[in-house]
């Protein structure tokens, strides 16, 4: 079964490139935590504000982004997101002159708004570029390139920062690339869901909204996606801090190991996209969520096994975001689907949970914070068991 048709191939390729960009941007934060701690002599709790403010921006702007996209279409939503991303990146230049940690945090807030526009546009759009039966597999494939960006950022940026580089340079470079991509998207016509299509599906949407079962199901999916974001972002953000704090690796080794883990994450999504053409996505999600629960329990035992369990967890969690996202939208169409997508794109606010991991870690118990992602994966298990 084809993932997409020839008609949608170019839009699919272009939109998939966006997944790489925001994967790279979000993964920089995972090494920036340690960089800011080194350069500004701040605690884990204080450094966690770079995650908190970035993902708080998702929560604040996801619904406005959805309304904007419903009014002006996916292409303008993408271009707006890219321009906001570039603005935040270029503001790192005056932020450097100010020399304040909170100036950088302000720049990251603007970038977070831009990323919210991009993800609110791209995730549901990819599910519409082909047969609905392959939507979950198609989104997993697109999200694999998010994994590629995530894999490259810790090694490239971490290696640069931990050998004396400054945080401003990677962001300025990204700003230039993002402006070029925005120019390309501003000149390309992307097929939209037309008003006629939305009117044709209005009866389906009304039926779906009137169904208590579907409403409960969607909100369970929303809770599962939030729980996943809490777990995934917290682990990524804590990875380098944990390994260096336990003296399992130095900063560069930990950055490289994070890149390796994210490489496994990327490969897991490619494999997941293939598997879901043969096995029900909900079943794959259930097995992977159970695997993540086992990995977190192993981490909590401490010792060297924690490193292996952490890396293995990246394979288990790799398919979770696109699979939960797509399954949660089952039965929705047209404007209802866009509204639901906006709610789902508020879930990266779960990254704010890293603040609590930092507070626990600052008490001296470096393993105990992994209880937070353990609870998150248990909620994903619950959704997977009920998923369609």
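Numbering (the numbering used here), first residue to last: 238 to 625.
Note that beta-carbon positions come from the ideal geometry of N, C-alpha and C, so glycine has one too.
- [ ] Using only alpha-carbon positions, find the residue among 240, 271, 593 that is nearest to residue 492.
- [x] For the purposes of this step, residue 492 is taken as residue 255 along the chain shown, with counting starting at 1. For the residues 240, 271, 593, the minimum Cα distance to residue 492 belongs to 271.
Open item on the list: Considering only their Cβ atoms, is the gap separating residue 579 from residue 318 smaller than 9 Å?
Closed with: Within the chain shown, residue 318 is the residue found at index 81, counting from 1. Within the chain shown, residue 579 is the residue found at index 342, counting from 1. Pairing residue 318 with residue 579 gives a Cβ-Cβ distance that is not under 9 Å.
Task: Whole-Å CB distance - residue 522 paired with residue 501, under 8 Å assumed - done: Translated into the one-based positions of the chain shown, residue 522 becomes position 285. Translated into the one-based positions of the chain shown, residue 501 becomes position 264. About 18 Å separates the Cβ atoms of residue 522 and residue 501, ruling out a contact at the 8 Å cut-off.
TODO: Indicate the three-state DSSP secondary structure (helix, strand or coil) for residue 371 in the structure shown.
DONE: What you label residue 371 is simply residue 134 of the chain shown in a count that begins at 1. Helix.
Task: Same chain, Cβ closer than 8 Å to residue 346, five either side skipped, listed in chain order - done: Within the chain shown, numbered from 1, the residue matching residue 346 stands at position 109. In chain order, 290, 291, 293, 294, 325 place their CB closer than 8 Å to the CB of residue 346, counting only its own chain and leaving out the 5 sequence neighbours on each side.
Open item on the list: Just to check my reading of the structure: residue 552 and residue 505 have Cβ atoms closer than 8 Å, yes? What is that Cβ distance to the nearest angstrom?
Closed with: Looking up residue 552 in the chain shown gives position 315. Looking up residue 505 in the chain shown gives position 268. Contact holds; Cβ gap of about 5 Å.
Open item on the list: Buried or exposed, going by whether 16 or more other CB atoms sit within 10 Å of the CB of residue 309?
Closed with: For the purposes of this step, residue 309 is taken as residue 72 along the chain shown, with counting starting at 1. Label assigned to residue 309: exposed.
Task: Neighbourhood of residue 350 by C-beta distance below 6 Å, restricted to the same chain and skipping five residues each side - done: The residue labelled residue 350 in the question sits at position 113 within the chain shown. Closer than 6 Å at Cβ, skipping near neighbours: 294, 298, 321.
Task: C-beta atoms of residue 562 and residue 463 nearer than 9 Å - done: Working through the chain shown from its first residue, we reach residue 562 at position 325. Working through the chain shown from its first residue, we reach residue 463 at position 226. With contacts defined as CB atoms closer than 9 Å, residue 562 and residue 463 fail to qualify as a contacting pair.
Task: For residue 513 and residue 607, believed in contact at Cβ under 8 Å, the rounded distance - done: The count along the chain shown starts at 1 and reaches residue 607 at position 370. The count along the chain shown starts at 1 and reaches residue 513 at position 276. Under the criterion of beta carbons closer than 8 Å, residue 607 and residue 513 do not qualify as touching, at roughly 28 Å.
Task: Contact the stretch 480-497 vs the stretch 577-597: 3+ CB pairs below 8 Å - done: No: fewer than three Cβ pairs fall under 8 Å.
Task: Burial state of residue 515 (16 or more Cβ within 10 Å) - done: Residue numbering aside, residue 515 sits at position 278 when the chain shown is read from its first letter. Answer is exposed; the Cβ neighbour count stays below 16.
TODO: Would you check if the stretch 351-370 and the stretch 467-480 touch, i.e. whether three or more CB-CB distances between them fall below 8 Å?
DONE: Taking a cut-off of 8 Å for Cβ pairs, the stretch 467-480 and the stretch 351-370 do not touch, as fewer than three such pairs fall below it.
- [ ] Kindly list the residues whose CB is nearer than 6 Å to the CB of residue 544, restricted to its own chain and excluding five residues on each side of it in sequence; keep chain order.
- [x] Here residue 544 corresponds to residue number 307 of the chain shown, with the count starting at 1. Correct list, in chain order: 485.
Open item on the list: Looking at the secondary structure, which residues open and close the alpha helix (DSSP H) in which residue 275 lies?
Closed with: In the chain shown, residue 275 corresponds to position 38, counting from 1. Residue 275 -> alpha helix (DSSP H) spans 243-277.
Task: Status (buried if at least 16 other CB within 10 Å, exposed otherwise) for residue 400 - done: Residue numbering aside, residue 400 sits at position 163 when the chain shown is read from its first letter. With fewer than 16 other Cβ atoms from the protein chains shown falling within 10 Å of its own Cβ, residue 400 counts as exposed.
Task: Nonlocal neighbours in the same chain, by C-beta distance under 7 Å from residue 240, ignoring five residues either side - done: Translated into positions along the chain shown, residue 240 becomes position 3. The beta carbon of residue 240 sits closer than 7 Å to those of 367, 371, 374, 375, 378, all from its chain and outside the five residues before and after it, given in chain order.
Open item on the list: In whole angstroms, give me the CA-to-CA distance for residue 568 and residue 283.
Closed with: Counting from 1 along the chain shown, the entry for residue 568 is found at position 331. Counting from 1 along the chain shown, the entry for residue 283 is found at position 46. Counting only the Cα atoms, residue 283 lies some 42 Å from residue 568.
Task: Buried or exposed by the 16-neighbour rule on C-beta atoms within 10 Å, applied to residue 267 - done: By one-based count along the chain shown, residue 267 stands at place 30. Residue environment for residue 267: buried (at least 16 other C-beta atoms within 10 angstroms of its C-beta).
Open item on the list: Here's the rule I'm using: 16 or more other beta-carbon atoms within 10 Å means buried, otherwise exposed. How should residue 337 be labelled?
Closed with: By 1-based counting over the chain shown, the position of residue 337 is 100. Per the 10 Å Cβ criterion, exposed.
- [ ] Leaving aside the five residues before and after residue 353 along the sequence, list all residues of the same chain whose C-beta is less than 7 Å from its C-beta, in chain order.
- [x] Position 116 of the chain shown, counting from 1, holds the residue named residue 353. So the qualifying residues of the chain are 294, 295, 298, 299, 302, 582.
Open item on the list: Using only the alpha-carbon positions, how far apart do residue 468 and residue 611 sit?
Closed with: Position 231 of the chain shown, counting from 1, holds the residue named residue 468. Position 374 of the chain shown, counting from 1, holds the residue named residue 611. Approximately 7 Å between the Cα atoms of the pair.
TODO: Mind listing, in chain order, the continuous alpha helix (DSSP H) runs of no fewer than 4 residues lying wholly within the stretch 544-568?
DONE: Listed in chain order, the complete alpha helix (DSSP H) runs (minimum 4 residues) inside the stretch 544-568 are 557-565.
Task: Alpha-carbon spacing of residue 380 relative to residue 617, whole angstroms - done: One-based indexing of the chain shown puts residue 380 at position 143. One-based indexing of the chain shown puts residue 617 at position 380. Rounded to whole angstroms, the gap between the alpha carbons of residue 380 and residue 617 is 18 Å.
TODO: Give me the Cα-Cα distance between residue 458 and residue 330, rounded to the nearest whole angstrom.
DONE: Numbered from its first residue, the chain shown carries residue 458 at position 221. Numbered from its first residue, the chain shown carries residue 330 at position 93. Each residue's CA atom was taken as its position, placing residue 458 and residue 330 some 40 Å apart.
Open item on the list: Can you look up residue 599 in the DSSP assignment and give me helix, strand or coil?
Closed with: The count along the chain shown starts at 1 and reaches residue 599 at position 362. Helix.
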